[in-house]
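Under the working numbering, think of the first position of the sequence shown as 303, with each following residue one higher.
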Amino acid sequence: MRRITFFILLMLTMALSASAQNLKAGRDLPAVPTIPEVDSPKQNGSVPLGDINTFREIQLDIPICDGPFKPSWESIEQNYPGTPAWLREAKFGIWVHFGPQAAGESGDWYARKLYNETTPAYQNHLKRYGHPSEVGYKDVLNKWNPDKFDPEALTKLYQKAGARFLLIQGVHHDNYDLWNSQYQPWNSVNIGPKRDMLREWADACYKYNMRYGVTFHHEYTWWWWQTAFGADTKGEKAGVLYDGHLTLEDGKGKWWEGYDPRLLYGIDLREYEDVDKKAHSPWSPPKDGILWNHLDYARWYATQWALRMMDVTANYDPDFIYTDGTMEGPFCGNGTGTFYKCNAMPLVMADFYNRTLKKRGEVNTFSIVKFRHPTNGTVNTAEFGWPDSINTSQAWMREGPVGDWFYAPGFIYDAGSVIRYIIESISRDGCAALNIPMKPDGSIETACETMLEEVGKWMDVNGEAVYGSKAWTTYGEGPLDKNGKIRKLPGHALKEQHAKFPFTAQDLRFTVGKNGSLYAFCMKSPEAGQKVTIKSMGKKQLKKVKKVSLLGYSGKLKWKQTADALEITAPATLPFQTSVVFKMD
303 MRRITFFILL
313 MLTMALSASA
323 QNLKAGRDLP
333 AVPTIPEVDS
343 PKQNGSVPLG
353 DINTFREIQL
363 DIPICDGPFK
373 PSWESIEQNY
383 PGTPAWLREA
393 KFGIWVHFGP
403 QAAGESGDWY
413 ARKLYNETTP
423 AYQNHLKRYG
433 HPSEVGYKDV
443 LNKWNPDKFD
453 PEALTKLYQK
463 AGARFLLIQG
473 VHHDNYDLWN
483 SQYQPWNSVN
493 IGPKRDMLRE
503 WADACYKYNM
513 RYGVTFHHEY
523 TWWWWQTAFG
533 ADTKGEKAGV
543 LYDGHLTLED
553 GKGKWWEGYD
563 PRLLYGIDLR
573 EYEDVDKKAH
583 SPWSPPKDGI
593 LWNHLDYARW
603 YATQWALRMM
613 DVTANYDPDF
623 IYTDGTMEGP
633 FCGNGTGTFY
643 KCNAMPLVMA
653 DFYNRTLKKR
663 GEVNTFSIVK
673 FRHPTNGTVN
683 TAEFGWPDSI
693 NTSQAWMREG
703 PVGDWFYAPG
713 FIYDAGSVIR
723 YIIESISRDG
733 CAALNIPMKP
743 DGSIETACET
753 MLEEVGKWMD
763 VNGEAVYGSK
773 AWTTYGEGPL
783 DKNGKIRKLP
793 GHALKEQHAK
803 FPFTAQDLRF
813 TVGKNGSLYA
823 FCMKSPEAGQ
833 KVTIKSMGKK
843 QLKKVKKVSL
853 LGYSGKLKWK
863 QTADALEITA
873 PATLPFQTSV
883 VFKMD
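Given below as structure tokens:
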């Protein structure tokens, strides 16, 4: 009898232990929701969108991890302890904006553009794969084989280049999850590489002590994918529908049997005003409004959107999460968040922070909500140029790609552009994150690797002016542009105009290091013997400077501080031709 009792207790203990492990692993998440059936689409553009001002925000009924954070912005702002110190220390990160869209070698948004007969991506797709009515993006996924994809080697290289965190793409607008997704069968484990790519990145980051976040861009999907429901307007394929119209039944006997195309492409929403027109624009989302004729579908869509993010935060333990957009947040009813209003974003964040608290004992993670106003609990980011003043209102970063967000031939790999991008960001109290384009096979070009090595050498010498730094009283000085403002590196993707931007040694940027020293970055290295005049550091503006040195140079500098400026004579030998950093104590 005692043996039976002992056995029962042992089994109960094992069951409770397994239950606890399931909870820790995130297997307490809800079941996969069933996509609702919808009516056949009406005539294109015939249905007006609902009014976002009269539509009350929906509160999703998704259970979240227990903890102090509730699924509302108010609760997050009240309970969040502040942006973790490691982000300021890190300062520079590398974007891993990589996925099957690289296979088109057509730059960003290849998947959407391959269904637009006016684009180069459409022509590239015809040459590589065939007509999108016969061989669509789903088939690109199946054929994609990044056999040179090596996250460990890349993480090591990026760390050597000076990066202290990675932004790793989890899912782009194409709706294809790059992890072993519980909620999206169209993923990298099931289709294409047959690899959990996010897990490989996470393992590499853990090995090299690299912070990492996961980016999610799938809120756009329902309006972004509307091109897949069209057809050519001319030529021998005119009127032949693209593969977005295919159904689950159509897959019988084919490689994609059992995979519902609706879970990849979404549904045809072109009956709503403006949707089809904007689908063929270079970028713009449809007008602001609510899918009042598809409210059940919209709720399902937002629920699945949230659950996929919760799947990652529960099972991959990232240091931060990222959502794309141009407005206050996903599902806000306007801009990129058009079509629905709900609390999906604060719900995901509350679950993430509660899980972090349970796993780590503290909330040292954060959420990037692109373009959101300063909110305790979020970090801001943008792709464009830099502000004309220092911004200390919240933690933020500037992000951009080298060449483009997805690979295409002919990119320029210039270390000076990358270094100056970092300097422009940190001098204004921000961080920098740059995408390194990866080829379809998962490798990077030799010239790109050389560029990263050059950046790493610069960071090794000048890192004390970067890592842990903060903005000084002014971000910089130098020649003015035509608008009377200090000229700066152009925004957007780093291309030829950035490599050839006519900076001089008098284009200066400043930071204060965590050691208390003041640093001045020349955006272009001076010539030997050239005098660098720093007007912001004369005796009228700054207390007496006791010492001036040049990072990477061991000799003694010739300098003097007058009432109006600090004047430094460049030595005969300079450590770098791209940019040099003077240190003032």
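Just so it is clear, CB atoms sit at the ideal spot from N, CA and C, and this is done for glycine as well.
Close beta carbons around residue i, own chain, < 6 Å, minus the five adjacent residues each side
i       : result
Thr-871 : Lys-833 and Lys-860
Ser-851 : Lys-885
Gly-537 : none
Asn-477 : His-520, Thr-523 and Leu-566
Asp-498 : Trp-481, Asn-482 and Val-491
Leu-550 : Asp-562
Pro-386 : Asn-666
Arg-414 : Trp-526 and Thr-529
Gly-744 : Pro-448, Lys-450 and Phe-451
Ala-421 : According to the sequence displayed, residue 421 carries Thr and not Ala. Cβ within range, chain order: Lys-415.
Contacting residues, own chain, Cβ-Cβ under 7 Å from residue i (five flanking each side not counted)
i       : result
Leu-314 : Residue confidence for Leu-314 is low, a pLDDT of 35 falling below 50, so the modelled location carries little weight and cannot support an answer.
Thr-880 : Ala-717, Gly-718, Ile-721, Trp-760 and Ser-827
Arg-674 : Glu-630, Gly-631, Thr-680 and Asn-682
Pro-487 : Tyr-561 and Leu-565
Lys-440 : Asp-545, Trp-558, Pro-563 and Leu-566
CB of residue i within 8 Å of CB of residue j, strictly
i       : j       : result
Ile-788 : Leu-782 : yes
His-596 : Val-334 : no
Gly-635 : Thr-628 : no
Lys-643 : Phe-357 : yes
Tyr-709 : Cys-750 : no
Ile-592 : Leu-351 : yes
Pro-873 : Gly-854 : no
Gly-840 : Ala-867 : yes
Asn-764 : Val-883 : yes
Leu-331 : Gln-484 : yes
Lys-393 : Val-768 : yes
Asn-617 : Phe-371 : no
Ala-405 : Val-437 : no
Pro-402 : Gly-494 : yes
Pro-711 : Ser-695 : no
Gly-541 : Leu-500 : no
Ala-697 : Leu-459 : no
Trp-602 : Pro-338 : yes
Nearest neighbour of residue i, chosen from the options [CA to CA]
i       : options                               : result
Leu-736 : Gly-395, Lys-772 and Gly-718          : Gly-395
Met-699 : Tyr-508, Ile-725, Pro-350 and Tyr-709 : Ile-725
Ser-729 : Val-665, Glu-747, Thr-677 and Thr-813 : Thr-813
Ser-374 : Arg-466, Pro-402, Ser-408 and Asn-645 : Asn-645
Lys-496 : Ala-506, Ala-504 and Asp-479          : Asp-479
Gly-639 : Lys-462, Pro-402, Ala-604 and Gln-486 : Ala-604
Met-753 : Gly-732, Phe-713 and Ala-767          : Phe-713
Leu-820 : Asn-355, Ile-366, Gly-770 and Gln-461 : Gly-770
Pro-792 : Thr-748, Cys-733, Lys-784 and Phe-803 : Phe-803
Gly-663 : Gly-369, Trp-525, Glu-747 and Gly-472 : Gly-369
Lys-509 : Lys-845, Arg-430 and Leu-456          : Leu-456
Glu-391 : Pro-584, Arg-414 and Asp-731          : Asp-731
Trp-397 : Gly-541, Thr-336, Trp-503 and Lys-858 : Trp-503
Asp-598 : Thr-336, Asp-887 and Ser-408          : Thr-336
Leu-864 : Gly-857, Gly-815 and Gln-843          : Note on identity: in this sequence residue 864 is Thr, with Leu being the wrong assignment. Of the listed residues, the one whose Cα sits closest to Thr-864 is Gln-843.
Nearest-angstrom beta carbon gap, residue j and residue i [assumed within contact, 8 Å]
i       : j       : result
His-475 : His-433 : With a Cβ gap of about 22 Å, His-475 and His-433 do not count as contacting.
Phe-641 : Ala-600 : 6 Å
Ile-470 : Thr-517 : 7 Å
Ala-773 : Ile-692 : 4 Å
Leu-416 : His-399 : Actually they are not in contact, since the Cβ atoms of Leu-416 and His-399 sit about 18 Å apart, beyond 8 Å.
Thr-535 : Asn-418 : Thr-535 to Asn-418, Cβ: 10 Å. No contact.
Pro-587 : Trp-525 : 5 Å
Asn-817 : Glu-766 : 7 Å
Glu-376 : Asn-678 : The Cβ separation is near 10 Å, so there is no contact.
Lys-862 : Asp-887 : Rounded, the Cβ-Cβ distance is 15 Å, inconsistent with contact.
Neighbourhood of residue i by C-beta distance below 8 Å, restricted to the same chain and skipping five residues each side
i       : result
Gly-347 : Arg-572, Glu-573, Tyr-574, Glu-575, Asp-576, Val-577, Asp-578 and Lys-579
Leu-325 : Per-residue confidence for Leu-325 stands at a pLDDT of 38, beneath the threshold of 50, marking its modelled position as unreliable; no derived number is given.
Tyr-776 : Note on residue identity: the sequence assigns Thr, not Tyr, to residue 776. Counting only Cβ-Cβ distances below 8 Å, and skipping sequence neighbours, we find Ile-692, Phe-812 and Ser-838.
Leu-543 : Ser-435, Phe-531, Gly-532 and Ala-533
Glu-798 : Ile-714
Tyr-624 : Leu-469, Gly-515, Val-516, Thr-517, Phe-518, Ser-669, Ile-670, Lys-672 and Thr-683
Tyr-424 : Lys-415, Leu-416, Tyr-417, Asn-418 and Pro-434
Cβ contact check for the segment 501-521 and the segment 543-560: 3 or more pairs under 8 Å
no
Any 3 or more C-beta pairs closer than 8 Å across the segment 823-838 and the segment 803-811:
yes
Does the segment 360-370 come into contact with the segment 648-668, if we say contact requires no fewer than three beta-carbon pairs (one atom in each stretch) closer than 8 Å?
yes
Count the CB pairs spanning the segment 737-757 and the segment 691-706 that are closer than 8 Å, and state whether there are at least three.
yes
Three or more beta-carbon pairs under 8 Å between the segment 431-450 and the segment 612-629, yes or no?
no
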